[in-house]
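Reading through the structure tokens given below for one structure.
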Amino acid sequence: MKSVFIAVFICLLCTGSAALAQQDDLFGTVKVAETHKGWIIGANGNFDIPAADMAKEFGLSSRIGPSVLYKTKANWMFGVKADFIFGAQVHPDSFMINLKDKYGEFITESGARVTIPTNERGYMIGLQAGKIVNTSKRSKDNGVLFMTTVGFIQHKIQINNPDGVPALNTTYQKGYDRLTNGLFIEESIEYSYFAKSGLLNFHIGPDVMLASTQDRRDYLFDVMRPDTKQRLDVLFGIRGGWYFCIFKRKSEDILF
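Here the working numbering is used: the first residue of the sequence shown is 1, the next is one more, and so on.
Quick look at the structure:
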């Protein structure tokens with residue numbers, strides 16, 4: 001009986017709220033902000049899971065970087081972005097296998113056995129175009145953002161050699177670092193929100209990046225051959241960021 005009473009109470013509360021909302025619409029107390037246009041500076045970040053050929057060399061990674069966009073009154077967005085790629089998991093099967101001893105370590109000039117730290121490093125630069133599909137009755141700026149980015153990607157294995165292993169000096173590292181680059185396309189579906197105060201502006205959602213790339217080193221020392229095959233690099237990620245808006249200000253609200 002108690003649960004039935006609670007259910008009825010919730011239904012009445014919802015009905016009353018809906019009636020009040022309709023009354024506000026009728027008497028003109030609901031304010032709907034007009035769509036804004038202007039420049040948007042973004043600070044963005046990604047958490048990525050690699051797939052295809054990229055997963056053969058790297059593990060989980062992250063990206064951070066800026067973007068500059070222009071938003072139209074029709075909620076179209078155009079601009080450019082740059083992402084810097086960071087990762088700590090590097091695991092090609094044959095990576096520097098010719099330099100490692102039976103313990104998987106490296107020998108310095110003094111005969112000491114050391115470990116060589118490696119990381120994933122790279123960057124992406126691209127042109128962006130997309131549209132916000134409005135989902136909010138109170139703000140025409142807010143909704144689901146469909147964004148496409150095309151551009152250039154480059155990544156490699158960063159080899160840190162603080163102990164001075166001779167076979168890994170700056171020149172020889174180029175034969176091991178797997179420098180790879182090519183063209184990419186990225187698709188994202190994000191929720192985009194612009195606050196009336198202008199302070200709380202953000203976007204977040206899933207994205208996927210596909211790139212056609214190739215190793216650019218003439219010769220790989222550890223496998224004793226060049227790598228000329230065409231690669232497919234894929235990243236599945238969650239993307240989010242903060243917007244700093246420079247919108248042209250006219251009347252702030254339209255009353256209905």
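Just so you know, even glycine gets a beta-carbon here, dropped at the ideal spot from N, CA and C.
Given the structure is predicted, the values throughout are model-derived calculations rather than measurements.
Taking all protein chains shown into account, decide if residue i is buried (16 or more other Cβ within 10 angstroms of its Cβ) or exposed.
| i | result |
| --- | --- |
| Ile246 | exposed |
| Leu220 | buried |
| Asp101 | exposed |
| Val150 | exposed |
| Ala74 | exposed |
| Phe236 | exposed |
| Tyr243 | buried |
| Ala112 | exposed |
| Lys71 | buried |
| Glu57 | buried |
| Asp233 | buried |
Judging by CA-CA distance, which residue of the options is the nearest neighbour of residue i?
| i | options | result |
| --- | --- | --- |
| Thr257 | Arg231, Gly205 and Pro226 | Because the chain in this structure spans residues 1 to 256, residue 257 falls outside the shown range and cannot be described. |
| Ile49 | Tyr243, Ile238 and Ala43 | Ile238 |
| Leu99 | Phe86, Pro162 and Gln173 | Gln173 |
| Thr228 | Arg178, Glu187, Glu34 and Thr148 | Arg178 |
| Ala55 | Ile97, Ile185 and Ala88 | Ala88 |
| Met209 | Gly182, Lys131, Ala195 and Pro226 | Gly182 |
| Gly241 | Thr35, Gly45 and Gly38 | Gly45 |
| Phe47 | Ile204, Arg217, Phe184 and Asp218 | Ile204 |
| Glu34 | Lys140, Leu199 and Glu190 | Lys140 |
| Ile41 | Arg63, Val68, Asp53 and Ala167 | Val68 |
| Thr135 | Phe194, Leu60 and Gly122 | Phe194 |
| Ala43 | Ala211, Phe202, Ala167 and His36 | Phe202 |
| Asn161 | Lys248, Met224, Glu109 and Gly38 | Glu109 |
Report the partner residues of residue i according to the DSSP bridge assignment.
| i | result |
| --- | --- |
| His155 | Gly122 and Thr180 |
| Glu190 | Leu145 |
| Lys71 | Gly38 and Met77 |
| Lys131 | Trp76 and Phe146 |
| Ile204 | Tyr191 and Gly240 |
Taking C-beta to C-beta, are residue i and residue j nearer than 7 Å?
| i | j | result |
| --- | --- | --- |
| Gly126 | Val133 | no |
| His155 | Thr180 | yes |
| Val273 | Glu120 | Limits of the chain in this structure are 1 at one end and 256 at the other, which puts residue 273 out of reach. |
| Phe146 | Gly130 | yes |
| Ala82 | Gly65 | yes |
| Asp222 | Met96 | yes |
| Asp218 | Pro226 | yes |
| Lys248 | Gly38 | yes |
Taking the alpha-carbon positions, what's the residue i to residue j distance?
| i | j | result |
| --- | --- | --- |
| Asn169 | Asp93 | 22 Å |
| Gly79 | Gln128 | 5 Å |
| Ile157 | Ser192 | 34 Å |
| Ile159 | Ile153 | 19 Å |
| Phe184 | Gly104 | 35 Å |
| Ile85 | Met124 | 8 Å |
| Glu186 | Thr171 | 34 Å |
| Ile189 | Thr148 | 9 Å |
| Asp163 | Met77 | 49 Å |
| Leu200 | Lys137 | 18 Å |
| Gly198 | Ser62 | 28 Å |
| Met224 | Ala167 | 15 Å |
| Val114 | Ala211 | 35 Å |
State yes or no: is the beta carbon of residue i nearer than 7 Å to at least one beta carbon in chain B?
| i | result |
| --- | --- |
| Tyr103 | Considering every chain present, this structure includes no chain B. It has just one protein chain. |
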